[in-house]
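Asker:
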Amino acid sequence: MDESTCVTLLQQHGIKPTSNRILVVKALASEEYPSSLSELCDRLVSVDKSGIFRSLVLFREHHLVHSLEDGDGGIRYELCFSHDDCNDEDNHVHFYCMRCHRMFCFYDLSVPEVQLPRGYSLESVNYVIKGVCPDCAKRK
Numbered sequence: 117m118d119e120s121t122c123v124t125l126l127q128q129h130g131i132k133p134t135s136n137r138i139l140v141v142k143a144l145a146s147e148e149y150p151s152s153l154s155e156l157c158d159r160l161v162s163v164d165k166s167g168i169f170r171s172l173v174l175f176r177e178h179h180l181v182h183s184l185e186d187g188d189g190g191i192r193y194e195l196c197f198s199h200d201d202c203n204d205e206d207n208h209v210h211f212y213c214m215r216c217h218r219m220f221c222f223y224d225l226s227v228p229e230v231q232l233p234r235g236y237s238l239e240s241v242n243y244v245i246k247g248v249c250p251d252c253a254k255r256k
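Basically the numbering used here = 1-based index in the sequence shown + 116.
(1) Can you give the Cα-Cα distance for R109 and V140, rounded to whole angstroms?
(2) Bridge partners of L195, per DSSP?
(3) Residues in the same chain with beta-carbon distance under 6 Å from L156, minus the five sequence neighbours each way, listed in chain order, please.
(4) Could you give the residue range of the alpha helix (DSSP H) that holds K254?
(5) Would a C-beta distance cut-off of 8 Å place F222 and Y149 closer than the cut-off?
(6) Tell me which residue opens and which closes the beta strand (DSSP E) that K246 is part of.
(7) DSSP three-state call for C122: helix, strand or coil?
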């Protein structure tokens, strides 16, 4: 994703584009799977950990990223391609490989709709399937 696309995406979500925020968006966009804070820190050596974390918190508040429990006690982040800063329109199923600890996005699998009991309201959905990915299954 180029810089102007990052700036547009940030602005669409009501976030002021700063150089650090643009770098975090670019890093998230370049990954094939959701990234942990540690992985982002390894990639973005010019931005300190607290700056990356603050960006991720802001992005989550404005629905620019999904934060996912990865099934192993950690949190991973991925860009959210919803069209505004109030709703997540692109919820999908995730798969966590218990051997290689990677998380995969299944964009074509929608999160099943759940009817909550009266009085409960939905804030977010974290749908993760745990198992073994095809690469790890081949290696046995």
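All residues carry an ideal CB built from backbone N, CA and C; glycine is no exception.
Model, not experiment: these values are computed from the prediction.
Answerer: In short, the structure shows the following:
(1) Outside the modelled stretch of the chain, which goes from 117 to 256, sits residue 109, for which no answer is possible.
(2) Partner(s): V181.
(3) Cβ neighbours of L156 beyond the five flanking positions: A143, I168.
(4) Run containing K254: 250-255, per the alpha helix (DSSP H) assignment.
(5) For F222 and Y149, no; Cβs fall outside 8 Å.
(6) Taken as a continuous stretch (DSSP letters only), the beta strand (DSSP E) holding K246 covers 244-247.
(7) Here C122 carries a helix assignment [DSSP, helix/strand/coil].
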